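Please read the structure below before turning to the comments.
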Amino acid sequence: MTDAFQKPVTVADVAKVMERIAPMDLAESWDNCGLQLGSRRWPVKKILVALDPLDEVLQAAVERQADMVITHHPLLIKPMRNIDVETPVGRIIGRALCGEIAVYAAHTNLDSAEKGINDMLAAALELKAVEALVPAEAPSVKAPESRLVGMGRVGRVAPAMPLEAFAQHVKARLKLTRLKMAGDPRMLVDCVAVCSGSGTSLLADFLGSPAQVYVSGDLRYHDARAVDAAERALIDVGHFPSEHIMVETLVAQLSAAMQTAGWQVAVEACRVEQDPFEWR
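Residue numbers (our numbering): -10 to 269.
Shown next, in the form of structure tokens:
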């Protein structure tokens, strides 16, 4: 019998797996990725994967008897002066620590990673010949040089189609009832750029790319004006829909890694999250 079967799987073990999926070197300098709460020595028998570290997500973790919650968005980015359990963040911290539930975040490192969220979004839209929109400047040993490492993605649409038809394709693939679009509906689309989450920061990179359309979330009025002036187009699908796709895919990636390692760790998708915006 090997050590993998004799020793309990710990938070540290799961963190190492996550760092292979989303190398820490790819995180932006302002970001706070990795272990947010808990001890690296705590044992893990069940993991719950979610987009956001919400109180209802932690409640679900308690109900599902999960030992670790892995989210995309970090719980802690700005320094805290105190921890008051009557505040929203303090309540989450208290619930996690009292229940010995570790909280881990893979944020901008998962955005930039190969097979990360931007690749998931490109795959969901069935883009071909996909490359990073903004390649990582200095890939590390843990994140080797690749055309699929970096922020955003750009890829081909085959066959080419009018913008209006592509917008309907996006709605169908992301299971949306509504989206925002700017641009000539008759524009022929054969190249698309995507950015999961908030896309304004990569707008100039999109305009410098061969893509005719930019698919992202949290795009602004002046973004639409700039794109329209450049005779391009944008499709705003919303922050949540552009990133929540990571949950099921990360569950599959982690489950495969647990099985390969011979670890008896269950990985589940959190089912309680909803888009805070109602699309009417």
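The beta-carbon is built from N, C-alpha and C at its ideal position, and this holds for glycine as well. A quick note: this is a predicted structure, and the numbers were derived from the prediction, not measured.
| Item | Value |
| --- | --- |
| So the beta strand (DSSP E) residue 13 belongs to, where does it begin and stop? | Looking at the DSSP string, residue 13 is not in any beta strand (DSSP E), and its letter there is neither H nor E. |
| When we look at the beta-carbon of residue 96 and count the other beta-carbons within 10 Å, is it buried (16 or more) or exposed? | buried |
| In this structure, how does DSSP classify residue 130 when only helix, strand and coil are distinguished? | Because the pLDDT of residue 130 is 47, which lies under 50, any placement of that residue in the model is unreliable, and the question is left without a value. |
| Rounded to a whole number of angstroms, what is the C-alpha to C-alpha distance between residue 135 and residue 18? | 20 angstroms |
| Going by alpha carbons, who is nearest to residue 114 out of 161, 168, 71 and 50? | 161 |
| Can you look up residue 76 in the DSSP assignment and give me helix, strand or coil? | coil |
| Considering only residues of the segment 115 to 166, which uninterrupted alpha helix (DSSP H) runs meet the minimum length of 4 residues and lie entirely inside it, listed in chain order? | 152 to 163 |
| Could you tell me which uninterrupted beta strand (DSSP E) segments, each at least 3 residues in length, are contained entirely in the segment 160 to 211, listed from first to last along the chain? | 169 to 171, 177 to 187 and 202 to 206 |
| For residue 151 and residue 51, what's the separation of their Cα atoms in angstroms? | 48 angstroms |
| Do the segment 53 to 68 and the segment 85 to 95 make contact, defined as three or more Cβ pairs closer than 8 angstroms? | yes |
| Thinking just about the alpha-carbon of each residue, which of 226, 125, 198 and 153 is nearest to the one in residue 99? | 125 |
| Where do the ends of the alpha helix (DSSP H) carrying residue 97 lie? | 97 to 101 |
| What's the C-alpha gap between residue 256 and residue 168? | 32 angstroms |
| Out of 241, 239, 229 and 221, point me to the one whose CA is closest to residue 181's CA. | 221 |
| Residue 104: which of 269, 242, 264 and 246 sits nearest, CA to CA? | 242 |
| Give me the DSSP bridge partner(s) of residue 257. | 37 |
| What's the call for residue 155, buried or exposed, on a 16-neighbour Cβ count within 10 Å? | buried |
| Which residues does DSSP list as the beta-bridge partners of residue 58? | 37 and 92 |
| Going by C-alpha to C-alpha distance, which of 66, 67 and 81 sits closest to residue 73? | 81 |
| Could you spell out the range, first to last residue, of the beta strand (DSSP E) harbouring residue 219? | That residue, residue 219, is in no beta strand (DSSP E); it is neither H nor E in DSSP. |
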